[in-house]
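Undergrad: Numbering (our numbering), first residue to last: 76 to 216. We put the CB at the ideal spot given by N, CA and C, even for glycine.
Okay, structure coming up:
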């Protein structure tokens with residue numbers, strides 16, 4: 076089988092298509108969560124902390140180099156701690172939202188599983204029945 080035909084077979088399988096849909100939906104879900112964090116959650120937190128915008132918190136390691144004309148030759152070297160904090164909050168909220176989604180799906184699966192009657196126990200093989208008879212006869216003696 077050639078490389079191209081093997082790749083085509085792989086790419087057309089249902090699992091790959093399901094995964095592609097999941098990635099696209101996940102990207103859109105990530106944007107929703109990012110908007111919820113930056114537009115809904117962080118403004119009140121910033122207000123409580125005195126109007127601090129977390130993405131603006133930086134630790135300057137080296138100042139910018141400016142020439143005589145006032146033009147920036149080299150930008151400053153900074154540790155963007157606030158941006159890191161913002162991404163951590165985004166991640167925590169996204170992880171919590173995914174946890175709730177998985178928990179809800181598992182609850183629905185349990186409910187659907189409970190509705191189905193349990194399968195009837197199958198009859199044991201003849202050998203086991205004969206051995207059980209022999210055991211019962213030996214117990215009587």
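1. Nearest to residue 168 by CA position, among 117, 135 and 187, is which residue?
2. Less than 8 Å separating the beta-carbons of residue 130 and residue 105?
3. For residue 210 and residue 195, I'd like the C-alpha separation in whole angstroms.
4. Could you say if the region 160 to 178 and the region 129 to 146 meet the contact criterion of at least three C-beta pairs nearer than 8 Å?
5. Within a Cβ cutoff of 7 Å, which residues of the same chain sit near residue 91, ignoring the five residues on either side of it in sequence?
6. Please list, in chain order, all residues of the same chain as residue 142 whose beta carbon is under 8 Å from its beta carbon, the five residues on each side excluded.
TA: Answer, in terms of the structure:
1. The option with the nearest alpha carbon to residue 168 is 117.
2. Contact check for residue 130 against residue 105 fails: the beta carbons are separated by 8 Å or more.
3. Taking C-alpha positions only, residue 210 is separated from residue 195 by approximately 25 Å.
4. A contact exists between the region 160 to 178 and the region 129 to 146.
5. So the list reads 85, once near-sequence residues are dropped.
6. Excluding five sequence positions before and after residue 142, the CB atoms of its chain that fall closer than 8 Å to its own CB belong to 148, given in chain order.
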